[in-house]
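>
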Amino acid sequence: MGRPFSGEHSQSPEFAVPIITSQRAAFLALVLAQMHSPYRWGAKGTPVSKDGPRPFDCSGLVTWAFHQVGGKDWRATHNTDRLWAECAPVASAADLQPGDLVLYGKAGDPDHVMVHVGAGVVVGASGGGSKTLTLEDAKRADAKVKSFTRVAYRPDVLGFRRLPFVS
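Structure representation (structure tokens):
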């Protein structure tokens, strides 16, 4: 989980510093490097042209970044339902580590996923939906990879999952 840390400058006398593996750190760096990339329904990071942007939908960002750092290639098979079903559960928001997934939706029907980057901040492809099919649609809707300062930026937090990082 982490090591307790206390220091004279910390707000609280002790908190857990998460242990971040190299694969997890690389995953986080890739996710963060995609900030402001456009959202497109069903997109898994394939550039729209040689020098064009790399669009994503929410699960596409997760599966693309996971594959880029040596994880399983789930791009063709994994959407939010499969991420929910096949990744290890995380008990609560208090147990989240950077790189863990936050899923949103109704019980038994996750419809959105974000990546927890630490301190309650989540990052992911957001603001679009099944009708966001072009870069123009994304621009009109301000649909892109963005961050929110609260895990519960949406009221329908379903739960938390951990990707199977190996290093």
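Heads up: the sequence shown begins at -5 in the working numbering, then just goes up one per residue. Ideal placement from N, C-alpha and C gives every residue a C-beta, glycine not left out.
In this structure, does DSSP put D94 in helix, strand or coil?
Coil at D94, not helix or strand.
> Cα separation between A59 and L24?
When rounded, the distance between both Cα atoms is 6 Å.
> Of all the options P92, L129, T128, T74, which has the alpha carbon lying nearest to the alpha carbon of D103?
The option with the nearest alpha carbon to D103 is T74.
> Around the Cβ of R144, are there at least 16 other Cβ atoms within 10 angstroms (buried) or fewer (exposed)?
R144 comes out exposed.
> Rounded to the nearest angstrom, how far is the Cβ of G39 from that of L97, given a contact under 8 Å?
Not confirmed; about 20 Å, so no contact.
> What is the DSSP secondary structure of V84, counted as helix, strand or coil?
Looking at V84 - three-state DSSP - the assignment turns out to be strand.
> Express the C-alpha separation of V109 and R155 in angstroms, rounding to a whole number.
Spanning the two alpha carbons is a distance of roughly 10 Å.
> So, at 7 Å on beta carbons, what are the nonlocal neighbours of V63 in its own chain, with the 5 sequence-adjacent residues on each side left out?
Q17, A20, F21, L24.
> Which word fits K125, buried or exposed, when buried means at least 16 other C-beta atoms lie within 10 angstroms of its C-beta?
K125 comes out exposed.
> Alpha carbon to alpha carbon, what distance is there between V56 and F142?
Each residue's alpha carbon lies about 16 Å from the other.
> What is the DSSP secondary structure of H72, counted as helix, strand or coil?
Here H72 sits in coil by DSSP.
> Where P158 and D89 are concerned, what is the direct C-alpha to C-alpha distance, given to the nearest angstrom?
For P158 and D89, the distance between alpha carbons rounds to 16 Å.
> Which residue wins for smallest C-alpha separation from G123, given the options K66, A132, A146?
Here the closest residue by C-alpha is A132.
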